[in-house]
Amino acid sequence: MPQLVMREAIKKGLEEALQNDPNVLILGEDIGAYGGAYAVTDGFLDKFGPERIKDTPISEATFIGTGIGAASAGLRPIIELMSISFSLVGFDQIVNMAANIRYMSGGQIDVPMVIRAPTGAGVQLAATHSQSFETWLAEVPGLYCVCPSNPKDALGLLRTAIKDNNPVIFAEPALLYGTKGDVPEEYYEIPLGSASVVKKGNDITLVSYGAGMKVIEEVSTILDKKNISSEIIDLRSLSPIDYATIGESVKKTNKLLALDTSRRNGGIMAEVVADVQENFNDWLDSPIIRIGAKDVPWPYNKNLESNAYPDPNEIVDEINNKILNL
Amino acid sequence: MATLKQEKNKKTSKSSKISIEKREMLDIYKNMFLIRQFELACGENYTKGNIRGFLHLYIGQEATAVGSISNLEDEDYIVTHYRDHGHALARGLDVNRSMAELFGKSTGLSKGKGGSMHLFDAGKKFMGGHAIVGGQFPLATGLALACQYKKTGGIVVCYFGDGSTNQGTYHETLNLASVWNLPILFILENNKYGMGSSIDRVRAGGEDFYTGASTYDIPAAQVNGMDVLAVKEATKIAVEKVRQNGGPFYLECKTFRFVGHSLADGQKYRKTDEIKEWEKQDPLIRFPEWLLSAGIASQKDIEKINQEVNLIVKESVDFAESSSEPKNSEVYDDIYK
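Sequence order for the protein chains is A and B.
Each residue of the first sequence is one higher than the one before, starting from 86 at the first, in my numbering.
Each residue of the second sequence is one higher than the one before, starting from 1408 at the first, in my numbering.
(1) What does E1579(B) reach in chain A if we use C-beta pairs closer than 8 Å?
(2) With respect to the alpha helix (DSSP H) encompassing K96(A), which residues constitute its N-terminal and C-terminal limits?
(3) Using the beta-carbon count (16 or more within 10 Å), is N1735(B) buried or exposed?
(4) Enumerate in chain order the residues of its own chain whose CB-to-CB distance from R187(A) is below 7 Å, with the five nearest sequence positions on each side excluded.
(5) How about T1548(B): is its C-beta nearer than 8 Å to some C-beta of chain A?
(6) DSSP three-state label for R1498(B), please.
(7) For the segment 1658-1672 of chain B against the segment 1587-1602 of chain B, do three or more pairs of beta-carbon atoms, one drawn from each stretch, fall closer than 8 Å, so that the two count as touching?
(8) Taking the C-alpha atoms as reference points, what is the distance between N1457(B) and S1604(B)?
(9) Of all the beta strand (DSSP E) runs that stay within the bounds of the segment 1660-1695 of chain B, which reach a length of 3 or more residues?
(10) What does DSSP give as the partner residues of N1597(B) in its beta bridges?
(11) Report yes if the CB atom of S322(A) is closer than 8 Å to the CB atom of G278(A), and no otherwise.
(12) Based on the DSSP secondary-structure assignment, which residues constitute the bridge partners of T290(A)?
(13) My assumption, with CB atoms under 8 Å, is that R1443(B) sits in contact with I1476(B). Please give the rounded CB distance.
(14) Less than 8 Å between the C-beta atoms of S281(A) and D309(A), yes or no?
(15) Which of helix, strand or coil does DSSP assign to P382(A)?
(16) Return no unless some Cβ of chain B is closer than 8 Å to the Cβ of T245(A).
(17) State buried or exposed for P1655(B), treating a residue as buried only when at least 16 other CB atoms are found within 10 Å of its CB.
(18) Does any residue of chain A bring its CB to less than 8 Å from the CB of V1586(B)?
(19) Quick one: give me the first and last residue of the alpha helix (DSSP H) that Q1706(B) is part of.
(20) State yes or no: is the beta carbon of T151(A) nearer than 8 Å to at least one beta carbon in chain B?
(21) Counting only beta-carbon atoms, is M189(A) nearer than 8 Å to chain B?
(22) Any idea what DSSP makes of S1393(B), helix, strand or coil?
(23) Tell me, which residues are paired with P162(A) by DSSP?
(24) May I ask which residues mark the beginning and end of the beta strand (DSSP E) holding P255(A)?
(25) Grab the span of the beta strand (DSSP E) containing D267(A) for me, first residue to last.
(26) Return the first residue and the last residue of the alpha helix (DSSP H) that K387(A) is part of.
(27) Following the continuous alpha helix (DSSP H) through K139(A), name the residue where it begins and the one where it ends.
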């Protein structure tokens, strides 16, 4: 099976869409002549031309809204934000317009649009460039929200997102653009709203998404050494959330740890643990553990940033204290 | 003989021209009167509790919507602000379904989910009614991008108020429309007040806005928004320019709302004298007066239209009142496709 890094997998998905559907356009800051802040669209301007690869002024509200208008007139725009933190500048357009327009018009207007945005901490970009607002956007009805953790999922989810007739937030963990993984050659899609069981296990269910999967995998490796078998679930989709897959796993393992690499307060895992508590309480043998980044603005200093980020060894300690020693 | 025949033809074409003009002029009056009566009925039904939420009436500004929209084609898009009833009716949106939407009924344009500030009719390319001030600007650039990309020949008319010109999206959109040469006619309805804030208290640059468009290399003009024929003529030229050049045009219509910002507005921020002064320019008085004095229409013509319109508006209220409420289960409908 061929291997791609995350950046290449996303690029492949975009390239396919541009080739297959003349209504697909890409809009964003420095996506053309510059090649994209993370080089995802490098070479696209030459290949597809300035009518379809549209460098925009630094006006997030307006180029996001331009995508909404274009989508409502039958195009399928893909918007690239340089950082999901910049979504705040265009938040009105994403929430009040993209998400609400179908409902407010009684179903008359569709907005088939994808908003791609690098997300998350871990690359020393400090408070304004390290946030994970996919957790905010996942709350908004009218939007779908996904966040892949590996190249295979990135391609499969991107294909589905571009074909979908609703606005989709496609959050790309900035930490993972260079992560390599197998990507099947044969065509496949991954439905929105489907979590994936990455590793089977019996003793504890570990749930995360995006960059959090790296942390969870390290936790799982440490637990393996202690002969504790963990089942790993990648949420992949924050809206809708695949509660059934999580519930089925909890029925088997009777224990749950849910991890965000975004701030713990208000993170998407709050929803996950609340659902398990409400609907699968009878199967739980111990308290649920919810992990998140510290509730602070992201610091620039490497040590401080690492300190705010979830740490696998600390997580294992918490599992020991709260679950296994009970 | 030949000369006689020519004379006869000339006469026929002249008289048919007059009748076309007369029909057009009467239509203009009818549309303006429809908006006025519709708005009065809305106000009445707001007081009765049939219409809730925020209600912003277009009373006083009718000449702007009617004069401008009369120049548009079916393939042209319209986006507007929350004071949107006038544009909707001028575009020919169904009167019954518009009123039903305000009543929140299932027969409304948006099945009762949008209300007064969010009127939509995708079939007529009427893309809202937008209630976040300045929120409609980026939508206009997107619609125009689609017209340009698909080469439909259509243009976008984007209505906005003076209040929205202090939003970032206004400046961003003028810039982008100019840089990408997008087919947008920006129509400013300068009624001098953003809610209760008069432009002299919130705007640097004086009382004229159209001069600012040159910052973005956008051709611009100003017209008396109370004079429906002036608006019609100015818009006709502007629309032609946009269609021919592909790029944007900026038209400022100086207008005035005779009523408060919304039905909850006591108008403490302005003097009655100012309102009275503007009411002298009421298009619903001046235009029919001109129709009579110019011999284009008779009192009987006007009265006939008035009766027709009053019936249309009454029927719309009856329709809205007798329509059913949306079912509770519909709360989940229309979120996703």
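Every residue, glycine too, gets a C-beta built ideally from N, C-alpha and C.
From a predicted model like this one, the values you see are computed outputs, not experimental measurements.
Put simply:
(1) Residue numbering aside, residue 1579(B) sits at position 172 when the second sequence is read from its first letter. What E1579(B) touches in chain A: P142, S144, A146, T147.
(2) Against the first sequence, residue 96(A) aligns to sequence position 11. Its alpha helix (DSSP H) spans residues 91-105.
(3) In the second sequence, counting from the first residue as 1, residue 1735(B) sits at position 328. Under this definition N1735(B) is an exposed residue.
(4) Walking along the first sequence from the start, residue 187(A) turns up at place 102. Excluding positions up to five away in sequence, the list reads I194, D195, V196, G227.
(5) Looking up residue 1548(B) in the second sequence gives position 141. It does; some Cβ of chain A falls within 8 Å.
(6) Position 91 of the second sequence holds residue 1498(B). Here R1498(B) sits in coil by DSSP.
(7) yes
(8) To locate residue 1457(B), count along the second sequence from 1; it is residue 50. To locate residue 1604(B), count along the second sequence from 1; it is residue 197. Answer to the nearest angstrom: the Cα atoms are 29 Å apart.
(9) none
(10) By one-based count along the second sequence, residue 1597(B) stands at place 190. Answer is K1661(B).
(11) Against the first sequence, residue 322(A) aligns to sequence position 237. Against the first sequence, residue 278(A) aligns to sequence position 193. Against a cut-off of 8 Å, the Cβ pair of G278(A) and S322(A) comes out as a contact.
(12) Reading the first sequence from its first residue, position 205 is the one you call residue 290(A). In DSSP, T290(A) forms a bridge with E316(A), L341(A).
(13) Position 36 of the second sequence, counting from 1, holds the residue named residue 1443(B). Position 69 of the second sequence, counting from 1, holds the residue named residue 1476(B). Not confirmed; about 16 Å, so no contact.
(14) Taking the first residue of the first sequence as position 1, residue 281(A) is located at position 196. Taking the first residue of the first sequence as position 1, residue 309(A) is located at position 224. Not a contact, by the Cβ cut-off of 8 Å.
(15) As a position in the first sequence, residue 382(A) is number 297, starting the count at 1. Reduced to three states, the DSSP call for P382(A) is coil.
(16) Within the first sequence, numbered from 1, the residue matching residue 245(A) stands at position 160. Answer no: the Cβ-Cβ gap between T245(A) and chain B never drops below 8 Å.
(17) Position 248 of the second sequence, counted from the first residue, corresponds to residue 1655(B). Buried, because 16 or more other Cβ atoms sit within 10 Å of the Cβ of P1655(B).
(18) As a position in the second sequence, residue 1586(B) is number 179, starting the count at 1. Yes, contact with chain A.
(19) As a working note, residue 1706(B) is residue 299 in the second sequence. Residues 1706-1729.
(20) The sequence position of residue 151(A) within the first sequence is 66, counting from 1. It does: the Cβ of T151(A) has a partner Cβ on chain B nearer than 8 Å.
(21) Here residue 189(A) refers to the residue found at position 104 when the first sequence is read from its first residue. Yes, its Cβ sits closer than 8 Å to a Cβ of chain B.
(22) With chain B represented from 1408 up to 1744, any question about residue 1393(B) goes unanswered, as that position is not in the structure.
(23) Working through the first sequence from its first residue, we reach residue 162(A) at position 77. DSSP output for P162(A) lists L110(A) as bridge partner(s).
(24) Translated into positions along the first sequence, residue 255(A) becomes position 170. For the sequence presented, residue 255(A) should be read as Phe rather than Pro. Its beta strand (DSSP E) spans residues 253-258.
(25) What you label residue 267(A) is simply residue 182 of the first sequence in a count that begins at 1. Unbroken beta strand (DSSP E) run through D267(A): 265-267.
(26) Residue 387(A) sits at position 302 when you count from the first residue of the first sequence. 387-393 is the extent of the alpha helix (DSSP H) around K387(A).
(27) Taking the first sequence and counting its residues from 1, the one referred to as residue 139(A) is at position 54. First-last for K139(A): 138-140, but that is the beta strand (DSSP E), not the alpha helix (DSSP H).
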